[in-house]
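Okay, so here's the structure we're looking at.
Residue numbers (the numbering used here), protein chains in the order written: chain A, 398 to 485; chain B, 103 to 197.
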């Protein structure tokens, strides 16, 4: 069971690395920000699986803060979206 | 299991170093901010992996979330000075 969970963590981490490519290459600001949001969501999954695999319930709080703060950066971006797109 | 943990740790270390180099080297400010947010996220994962959940908590909250939002706000403020928009100007732009 632990082995399966760790395997899933590795797969999710690989998908995070794939998302990084979009952050680096993405032509528009929205592409980059959406990739960042996707990676925040994947990060929550990684932390939850890690907490289950290594039996550390304290990591659940970290996942909670991850989910919360990914939304905050998204809101900050959307609020200034107009200025970002025309500023480029 | 042990080899999987090794793969995990090596991937985290490698992506951290790569992200740090990219963040410092990129010329586009918005890209640098998004890369900085990513660096905070991966750093929080690394702290969680190192059995330091409280530091991971602080890193995710302050490093990635709060600083990222503040930097985005600052970039928007410095790239486009607030232009006075009267209703007549607005219709001109729309037409």
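Note that CB positions come from ideal geometry on N, CA and C, so glycine has one too.
Item                                                                                                                       : Value
Neighbouring residues, chain A, relative to residue 162 of chain B (Cβ below 7 angstroms)                                  : 459, 462, 463, 466
Alpha helix (DSSP H) segment containing residue 153 of chain B, residue limits                                             : No alpha helix (DSSP H) contains residue 153 of chain B, which DSSP labels as neither H nor E.
When A/467, A/428, A/444, A/464 are compared against residue 408 of chain A, the one with the closest alpha-carbon         : A/444
Integer Cβ distance of residue 420 of chain A from residue 429 of chain A, believed to fall under 8 angstroms              : 5 angstroms
Neighbour list for residue 139 of chain B in chain A, Cβ cutoff strictly below 7 angstroms                                 : 433, 470
Exposed unless 16 or more other CB atoms sit within 10 angstroms - verdict on residue 180 of chain B                       : exposed
Check: residue 145 of chain B C-beta below 7 angstroms from any heavy atom of the ligand SAM                               : This structure simply doesn't include the ligand SAM, nor any ligand for that matter.
Listed by chain order, chain C residues near residue 122 of chain B by CB distance under 8 angstroms                       : Absent here is chain C; the protein component of the structure consists of chains A and B.
8 angstroms Cβ cutoff met for residue 146 of chain B and residue 162 of chain B                                            : yes
Within chain B, partners of residue 477 of chain A - CB distance below 7 angstroms                                         : 174, 175, 178
Given 8 angstroms, three or more beta-carbon pairs between the region 447-454 of chain A and the region 167-178 of chain B : no
Partners in chain B for residue 420 of chain A, counting only beta-carbon separations shorter than 7 angstroms             : 136, 137, 140
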